[in-house]
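Participant: Protein chains in written order, with my numbering: chain A, 148 to 372; chain B, 148 to 372. No residue lacks a Cβ here, since even glycine has one placed at the ideal position from N, Cα and C. Sharing a structure below in structure tokens format, with a few things to ask.
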DNA sequence: CCCCTCCTGTACCGGCGGTACAGTTTCGAA
DNA sequence: TTCGAAACTGTACCGCCGGTACAGGAGGGG
């Protein structure tokens, strides 16, 4: 059982990198077995077909993704009591994590599946859909907490605002990869952070001196781009 | 020359729909010739290989995309003198156009190419990159005009803000397709519109009655979701 | 009438996804 | 120490697909 898991993981590692660069249709099983140093029979011992490889790949990717978000935002929650400041810090930490990736973000498997949908079965499509819905719930939960303290300056639907986090991430990845500008993604996250700050931080009605103080406080919470 | 163009266009139409659903790697030439009712030799008469099909597909897509943006934002410019109101109206018109698509947005070829990059030649990757840079210039131009009149409430890089429009569109398409919720994309565009309005409309320092008036004015420019 | 555009038809190649199945190594539990 | 399951290897094969090569034909304009 031990060695089997190890080989399986190695296949998944190689497959993930390949699929993110070339899509599922562009990734051949033969190239995967060549790179992992396994035989074709060995491959099909672990995954009965390409669809099952995709299933395992997607599930693993989503789990890992969730783990990263858990870590970042729970750390931000530990450092900041205020839900807004905590969320803003979380976005800051996320953007730092993204800009620390040496070759830029490798791509999102959810998007890859999205642009390949018709060749997968319902189960994979459902898994993918549920991953996006989980993002919506995650960010929605945090935004609702914020809204209990800070009335938004403009009326917004909380689910749509939560989706905006996912949108900017997915879109930022596409831009970053296409432009070959690794930093674009991190910048987009910070731009989203500006939006959230603007939306929830109370409108300033005091003279300039006090305004400054307010702004410094807001910036100190997570730094300024 | 006449009939040739017609057949070529028919191939591109069929190919575009297929590629947006299944990616390039997932789309076989054989299925394209079956659907267009042409022979294999006929196909290779028009496109010497799959790469050249992709090139033609991408160029046509980008041209069409640019045309749509030209139309929408020049129409908005005709209806509104103020650059901010004109941009906000443009986003409103765009979101209406997107929510009128009967089956939702079919997907963006730029994103498809982005997630297939390694199997294309440099020329296609450059074309794709230039398309995104063109978006940046387009929205950046409009945003700079706005900034000459309205100082932003928070300091923002204009290129990054312009990229945010592309991000939200690309990300919104991924979400919309994955969730199978056609309206999500249009909602995301409206959410972006809220951000732009918040960022540029002057901070309110008057009593509540006047605040209301301001908000109604802002909403009247393009309506509220 | 000829030539050019726009195809069709046929034959073939190698790569790939997938199947089938027999045999082998490895390693822990009984 | 043996047994058996897990984790593979090796070989052979199928049909689809991308791509090549090349011969030929319809149809319309000069």
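Taking any Cβ of chain A, which residues in the stretch 238 to 269 of chain B have a Cβ under 7 Å from it, in chain order?
Facilitator: For the stretch 238 to 269 of chain B, which is checked against every Cβ of chain A, the residues closer than 7 Å are 254, 257, 258, 259, 261, 262, 263, 264, 265, 266.
Participant: Taking the C-alpha atoms as reference points, what is the distance between residue 449/B and residue 251/B?
Facilitator: Any question about residue 449/B goes unanswered here, given that chain B covers just 148 to 372.
Participant: So, using beta-carbon positions, are residue 231/A and residue 344/A closer together than 9 Å?
Facilitator: Yes; because the gap between Cβ atoms is below 9 Å, this pair is in contact.
Participant: Counting only beta-carbon atoms, is residue 337/B nearer than 9 Å to chain A?
Facilitator: It does; some Cβ of chain A falls within 9 Å.
Participant: Counting only Cβ pairs nearer than 7 Å, list the residues of chain A close to residue 197/B.
Facilitator: Under the 7 Å cutoff, chain A gives no residues; its nearest Cβ is about 11 Å from residue 197/B.
Participant: Apart from the five residues on each side of it in sequence, which residues of its chain come closer than 7 Å, Cβ to Cβ, to residue 308/B?
Facilitator: So the list reads 290, once near-sequence residues are dropped.
Participant: Closer than 8 Å is the cut-off here; do at least three beta carbon pairs connect the stretch 182 to 202 of chain B with the stretch 254 to 274 of chain B?
Facilitator: They touch, by the three-pair rule.
Participant: Looking at residue 247/B: is its Cβ nearer than 9 Å to the Cβ of residue 283/B?
Facilitator: No, these two residues do not count as a Cβ contact at 9 Å.
Participant: Between the stretch 184 to 211 of chain B and chain A, which residues of the former have CB atoms less than 8 Å from a CB of the latter, in chain order?
Facilitator: Of all residues in the stretch 184 to 211 of chain B, none has a Cβ within less than 8 Å of some Cβ in chain A.
Participant: Locate the alpha helix (DSSP H) running through residue 192/A, then write down its first and last residues.
Facilitator: Per DSSP, residue 192/A belongs to the alpha helix (DSSP H) from 187 to 193.
Participant: For a test of the three-state rule: what should DSSP assign to residue 255/A, helix, strand or coil?
Facilitator: Correct three-state label for residue 255/A: coil.
Participant: Taking 9 Å as the CB-CB cut-off, is residue 235/A touching chain B?
Facilitator: No, its Cβ sits nowhere closer than 9 Å to a Cβ of chain B.
Participant: Against residue 326/A, what residues of chain B qualify as contacts under a CB-to-CB distance less than 8 Å, listed in chain order?
Facilitator: The contacting residues are 276, 279, 280.
Participant: May I have the straight-line CA-CA distance separating residue 315/A from residue 221/B, to the nearest angstrom?
Facilitator: So the two alpha carbons sit approximately 26 Å from each other.
Participant: Where residue 226/B and residue 160/A are concerned, what is the direct C-alpha to C-alpha distance, given to the nearest angstrom?
Facilitator: Going from the Cα of residue 226/B to the Cα of residue 160/A covers about 54 Å.
Participant: Would you mind sorting residue 331/B into buried or exposed? The rule is 16 or more other CB atoms within 10 Å of its CB.
Facilitator: Answer is buried; the Cβ neighbour count reaches 16.
Participant: At the level of alpha carbons, what is the spacing between residue 229/A and residue 286/A?
Facilitator: Their backbone Cα atoms lie some 15 Å apart in a straight line.
Participant: Could you work out which residues of chain B lie near residue 310/A, taking near to mean beta carbons separated by less than 9 Å?
Facilitator: Within chain B, the residues near residue 310/A are 318, 319, 322, 326, 331, 334, 335, 338.
Participant: Using a Cβ-based criterion (distance less than 8 Å to any ligand heavy atom), does residue 182/A qualify as near the ligand PLP?
Facilitator: By its list of ligands, the structure shown contains no ligand whatsoever, and the ligand PLP lies outside what it can speak to.
Participant: Rounded to the nearest angstrom, how far is the Cβ of residue 324/A from that of residue 261/B, given a contact under 8 Å?
Facilitator: Confirmed, Cβ separation roughly 5 Å.
Participant: Closest to residue 272/B by C-alpha separation, out of 281/A, 293/A, 326/A, would be which residue?
Facilitator: Comparing Cα-Cα distances from residue 272/B to each of 281/A, 293/A, 326/A, the minimum goes to 326/A.
Participant: Going along chain B in order, which residues have a C-beta closer than 7 Å to the C-beta of residue 346/A?
Facilitator: Simply 345.
Participant: Is there at least one Cβ from chain B nearer than 9 Å to residue 156/A's Cβ?
Facilitator: It does not: the Cβ of residue 156/A has no partner Cβ on chain B nearer than 9 Å.
Participant: Spell out whether any CB of chain B is found under 9 Å from the CB atom of residue 160/A.
Facilitator: For residue 160/A, the answer is no, since every Cβ of chain B falls outside 9 Å of its Cβ.
Participant: Please list, in chain order, all residues of the same chain as residue 296/B whose beta carbon is under 8 Å from its beta carbon, the five residues on each side excluded.
Facilitator: Cβ neighbours of residue 296/B beyond the five flanking positions: 229, 230, 231.
Participant: Please name the residue in 235/B, 191/B, 174/B whose C-alpha comes closest to that of residue 336/B.
Facilitator: Answer by Cα proximity: 235/B.
Participant: Using CA atoms only, rank isn't needed, just tell me which of 155/A, 206/A, 193/A, 347/A is closest to residue 276/A.
Facilitator: Nearest of 155/A, 206/A, 193/A, 347/A to residue 276/A, Cα basis: 206/A.
Participant: In the DSSP assignment, find the alpha helix (DSSP H) that holds residue 227/B and state where it starts and stops.
Facilitator: That residue, residue 227/B, is in no alpha helix (DSSP H); it is neither H nor E in DSSP.
Participant: What is the DSSP secondary structure of residue 100/B, counted as helix, strand or coil?
Facilitator: This structure cannot settle anything about residue 100/B, because the visible part of chain B is limited to 148 through 372.
Participant: Which residues of chain A have a Cβ atom closer than 8 Å to the Cβ of residue 301/B, listed in chain order?
Facilitator: Going along chain A in sequence order, the residues near residue 301/B (Cβ under 8 Å) are 341, 344, 345.
Participant: Using 8 Å for Cβ pairs, my map puts residue 164/A next to residue 178/A. What's the rounded Cβ distance?
Facilitator: That pair is no contact at about 11 Å.
Participant: Considering residue 292/A, what are the terminal residues of the alpha helix (DSSP H) in which it resides?
Facilitator: Residue 292/A -> alpha helix (DSSP H) spans 269 to 296.
Participant: Counting only C-beta atoms, is residue 307/A closer than 9 Å to chain B at any point?
Facilitator: Cβ-Cβ to chain B under 9 Å: yes for residue 307/A.
Participant: What separation, rounded to the nearest whole angstrom, lies between the Cα atoms of residue 180/B and residue 209/B?
Facilitator: The alpha-carbon atoms of residue 180/B and residue 209/B are separated by roughly 24 Å.
Participant: Tell me whether the beta-carbon of residue 238/A lies closer than 9 Å to the beta-carbon of residue 339/A.
Facilitator: In this structure, residue 339/A lies closer than 9 Å to residue 238/A by Cβ.
Participant: Going residue by residue through the stretch 302 to 357 of chain A, where are the continuous alpha helix (DSSP H) segments of at least 4 residues, counting only ones entirely within it?
Facilitator: Qualifying alpha helix (DSSP H) stretches, in chain order: 305 to 326, 330 to 347.
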